[in-house]
Amino acid sequence: MYDTIVFDGVYKSPVGWLGIKLQGNDLIKLDWLEKNTPSKGVLSRNPAVKKIIASLDIYFNKATHPVIPPVSLAGTRFQQRVWRALQNIPFGTVKTYGELAAELKTSSRAIGQACRTNPISILIPCHRVVAANGIGGYVGDARPSQIKQWLLHHEGIH
DNA sequence: CGAGCATCCTCAG
DNA sequence: CTGAGGATGCTCG
367 MYDTIVFDGV YKSPVGWLGI KLQGNDLIKL DWLEKNTPSK GVLSRNPAVK KIIASLDIYF
427 NKATHPVIPP VSLAGTRFQQ RVWRALQNIP FGTVKTYGEL AAELKTSSRA IGQACRTNPI
487 SILIPCHRVV AANGIGGYVG DARPSQIKQW LLHHEGIH
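For the first sequence, the working numbering assigns the number 367 to the initial residue and increments by one for each residue that follows.
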């Protein structure tokens with residue numbers, strides 16, 4: 367899946383490993399890893415990586431949403447708009463695809479598509495967007511996801 | 001332009 | 001309850 371991507375660091379969360387990819391000091395990708403964990407590990411001495419790891423620690427240990435470190439997002443103008451809107455959803459609350467669509471004057475499917483291409487998990491909380499009837503999809507899969515359920519539960523949502 | 005989406009709503013059984 | 005089907009806006013080839 368990420369055969370050609372070399373991450374600058376990894377983070378071991380309670381639900382799986384996250385890969386951290388930088389460009390300069392900006393975070394450009396934070397995504398769930400499958401099985402193989404890059405050899406650099408969590409002990410990177412890169413200060414920018416350490417900063418991101420600290421933010422993730424805050425999210426997973428203190429159960430609040432951390433200040434988002436500098437990111438550089440590659441995407442269309444529409445995707446940037448959706449990703450910015452996602453960052454305004456507070457810890458512990460959810461919105462449906464339809465609600466976000468109404469706010470941004472677009473369609474629910476377009477919201478889902480933009481969520482799917484979000485390059486930065488957790489810090490840009492695409493998991494707080496749920497379907498009108500159920501939990502909705504995650505990481506490109508329309509089926510209910512264990513990770514998404516865990517994250518929502520972590521934020522006190524049943 | 002056409003197809004594919006992490007959706008939503010309605011309607012028929 | 002279930003499933004089919006149309007509406008929807010955006011992206012990619």
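A virtual CB, placed ideally from N, CA and C, is assigned to each residue, including glycine. Keep in mind that this is a model prediction, so the values were computed, not measured.
Looking at the DSSP output, residue 379 sits in a beta bridge with 382.
The beta carbon of residue 470 sits closer than 8 Å to the beta carbons of 447, 448, 451 and 477 from its chain, once the five residues preceding and following it are set aside; these are given in chain order. Contact between the region 419–436 and the region 382–396 is present: 3 or more CB-CB pairs across the two stretches fall below 8 Å. Within its own chain, the residues whose Cβ lies closer than 6 Å to the Cβ of residue 522, once the five positions on either side in sequence are excluded, are 458, listed in chain order. Exclusion of the five residues before and after residue 504 leaves 511 and 514 as the residues of its chain whose Cβ lies within less than 6 Å of its Cβ.
For the region 487–512, not one full-length alpha helix (DSSP H) segment reaches 4 residues or more. For residue 371, the closest of 380, 443, 399 and 454 by C-alpha to C-alpha distance is 399. Rounded to whole angstroms, the gap between the alpha carbons of residue 427 and residue 475 is 33 Å. DSSP lists 393 as the beta-bridge partner residues of residue 437.
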